[in-house]
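Numbering (our numbering), first residue to last: 243 to 827.
Below, the structure is given as structure tokens:
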């Protein structure tokens, strides 16, 4: 546990990738195998169990420190991170600095965390937590608290972890990525297999995903349009379907197995030949038209979808690339050849291109409408490509993807091979109505904001956003937040409406989870509208004009800026724990 704590603070102390990689390599070379596997799971973004509620941990720490709740709130608001706040408030025991009662990270996760999870009541959990507090110094308690609450996040990517492991194992980083994607880190020999130069890997592992870079050059610089495959940029979940050894696996780009969420796709793939790997997009398609991402999100939250779920939200795999055929890796082949083979497979299996079966029409005999072919757009010149992009929002897609027909399928985001040309974002001026303190380098500043627009004379919250302001602007906004606070709850503050920000987002959709009745996708701050008074901010009607048939929301609560269902915003790390990391693109 102490070795992992030291690693955590080494990673936290630098923003230099080379220094982080050096720290990871040193750690992986020195730790026992069990601790190495547990660390890989945490560092690469694996799910962590929450075995103690933060509110309980906060109450226990306040009592142990002998301080009132209001003082804990003040400290939390200043520090910005609950785990760090509680660690600093607790008295330092005389035993701190002695050898830890926990022999290592794996023992902490396997034994202590499991004991907490299965404890009969909160009193038993408290006794165990206090026992561990008695041997930990503040810097170690911070890491411990984050483990207990499932919020341990370190500023490293899965790719960086793979690079460090590849250095230790003496293999190429892409090979390590392949192992890491499908590794069973609970297996006793998991870490040894990761570091074994001759390890082949799991039979149903996916390939590292090839990503498109944002288009930042003129179309004319791309050369002959006939050298490019033009496709729609779909608004779904990027996925690979792997069929090997009689088993079908569906992997999200977040490198999670999601088979059980899409049984209809698994059933449709049952007759595929072994050794088939498709790359594409999982989407909800009804009457031949793709539904917004919010519809897919509803399915993603159902690990065992019912028959009603499958009928009301029918999911499909929209295939656009063939990475493996009859067990042969095709990634080194040019895209033109992979596409030719995919179209041949689609024709043999009766997979129609999306959009070729209209509402109420029947699929051809023997065809399936659960796996579809992503259509390519045959366009004569770049002017026609630009014109088609203008139709993207009306078609329910995010723009275009341009893929070089001579490109191989590479891991990561090789510049110049694939380009994504997204439609211009929607925008609205919104009022800042609440803020949450940040953490890490943003600790002590209120940097996560809730925004609202007008409806029937009241402000209704429509989005949370935390990116887009400069460091100097963050400091200035924090000062205003503190001076205009009208209600506080821990790190959260409701403020008097005073600031207007221009927000950008990808689309608007109806939502039953939000008090406003709408949800905006990927909200971010474009600029601070210093020239606008809150009374001049946008309205819910403005949002409704950006989408079709959005329901009118319930009226906001009297006397408050927030609607009736607005709650204290979750911390930024919680909001980032989404199953769709591919949509950072």
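Idealized CB from N, CA, C, for every residue including glycine.
Just so we're clear, the structure is a prediction, and the values are computed from it rather than from any experiment.
Proximity to residue i [Cα-Cα], best of the options
i: residue 553; options: 526, 573, 387; result: 526
i: residue 325; options: 382, 308, 279, 782; result: 382
i: residue 657; options: 414, 379, 513, 456; result: 456
i: residue 833; options: 743, 654, 476, 716; result: Past the boundaries of the shown model lies residue 833; the chain is included only from 243 to 827, so the question cannot be answered.
i: residue 490; options: 480, 517, 663; result: 517
i: residue 283; options: 678, 394, 775, 643; result: 394
i: residue 712; options: 769, 745, 782, 659; result: 769
i: residue 528; options: 614, 499, 256; result: 614
i: residue 745; options: 430, 718, 708, 569; result: 708
i: residue 594; options: 250, 562, 451, 549; result: 562
i: residue 731; options: 722, 313, 252, 356; result: 313
i: residue 286; options: 280, 243, 400, 619; result: 400
i: residue 427; options: 276, 363, 539, 576; result: 276
i: residue 354; options: 387, 330, 380, 379; result: 387
i: residue 592; options: 510, 541, 576; result: 510
i: residue 380; options: 268, 766, 244, 297; result: 244
i: residue 486; options: 570, 677, 618; result: 570
i: residue 492; options: 473, 651, 542; result: 542
i: residue 612; options: 254, 376, 377, 483; result: 483
i: residue 652; options: 700, 662, 577; result: 577
i: residue 454; options: 257, 649, 710, 719; result: 649
i: residue 675; options: 660, 549, 692, 539; result: 692
i: residue 205; options: 644, 638, 505; result: Lying before the first or after the last residue shown, residue 205 is absent from the chain, which here runs from 243 to 827.
i: residue 365; options: 298, 582, 264; result: 298
Rounded distance between the beta-carbons of residue j and residue i, thought under 8 Å
i: residue 740; j: residue 727; result: The pair is not a contact, with the Cβ atoms about 11 Å apart (cut-off 8 Å).
i: residue 346; j: residue 470; result: About 52 Å; that fails the 8 Å criterion.
i: residue 396; j: residue 271; result: With 8 Å as the limit, residue 396 and residue 271 do not qualify as a contact, their Cβ atoms being about 18 Å apart.
i: residue 425; j: residue 415; result: Incorrect: roughly 15 Å between the Cβ atoms, too far for contact.
i: residue 519; j: residue 566; result: 4 Å
i: residue 621; j: residue 459; result: Rounded, the Cβ-Cβ distance is 18 Å, inconsistent with contact.
Status (buried if at least 16 other CB within 10 Å, exposed otherwise) for residue i
i: residue 448; result: buried
i: residue 320; result: exposed
i: residue 758; result: buried
i: residue 777; result: exposed
i: residue 289; result: exposed
i: residue 573; result: buried
i: residue 603; result: The predicted model places residue 603 with a pLDDT of 46, which falls under 50 and marks its position as unreliable; any figure quoted below should be read in that light. It counts as exposed.
i: residue 278; result: buried
i: residue 628; result: exposed
i: residue 260; result: exposed
i: residue 438; result: exposed
i: residue 521; result: buried
i: residue 680; result: buried
i: residue 452; result: buried
i: residue 247; result: buried
i: residue 405; result: buried
i: residue 251; result: exposed
i: residue 327; result: buried
i: residue 280; result: buried
i: residue 568; result: exposed
i: residue 334; result: exposed
Contacts around residue i, its chain only, beta-carbon distance under 7 Å, and the 5 residues preceding and following it disregarded
i: residue 311; result: 304
i: residue 788; result: 668, 750
i: residue 762; result: 704, 705, 747, 750
i: residue 779; result: 671, 672, 673, 695, 696, 742
i: residue 665; result: 631, 634, 635, 640, 641
i: residue 488; result: 516
i: residue 544; result: 503, 551
i: residue 420; result: 443, 447, 449, 450
i: residue 723; result: 677, 688, 735, 737
Same chain, Cβ closer than 8 Å to residue i, five either side skipped, listed in chain order
i: residue 729; result: 735, 736
i: residue 829; result: Given that the chain is displayed from residue 243 to residue 827, the structure contains no residue 829 and the question cannot be resolved.
i: residue 523; result: 476, 478, 479, 480, 481, 559, 560, 562, 616
i: residue 838; result: Outside the shown range of the chain (243 to 827) lies residue 838, about which nothing can therefore be said.
i: residue 294; result: 358, 367, 371, 390, 391
i: residue 331; result: 303, 304, 307, 309, 314, 317
Other residues of its chain near residue i: CB distance less than 6 Å, five sequence neighbours each side excluded
i: residue 624; result: 461, 467
i: residue 588; result: 615
i: residue 783; result: none
i: residue 533; result: 526
i: residue 765; result: 705, 707, 745, 747
i: residue 384; result: 325, 326, 329
i: residue 269; result: 249
Quiz item: Which whole runs of the beta strand (DSSP E) in the segment 462–504 are 3 residues long or more, in chain order?
Solution: List check, beta strand (DSSP E) in window: 470–475, 479–486, 489–494.
Quiz item: Which parts of the segment 310–374 are runs of the alpha helix (DSSP H), unbroken and 4 residues or longer, counting only runs that do not cross its ends?
Solution: The qualifying runs are 311–321, 324–331, 355–360.
Exercise. Could you tell me which uninterrupted alpha helix (DSSP H) segments, each at least 4 residues in length, are contained entirely in the segment 389–438, listed from first to last along the chain?
Key: Taking 4 residues as the shortest admissible run, the segment 389–438 contains the following complete alpha helix (DSSP H) segments, listed from N- to C-terminal end: 400–411, 415–424, 432–437.
Quiz prompt | Segments of 4+ residues assigned as alpha helix (DSSP H) that fall wholly inside the segment 712–741 | solution = The qualifying runs are 713–725.
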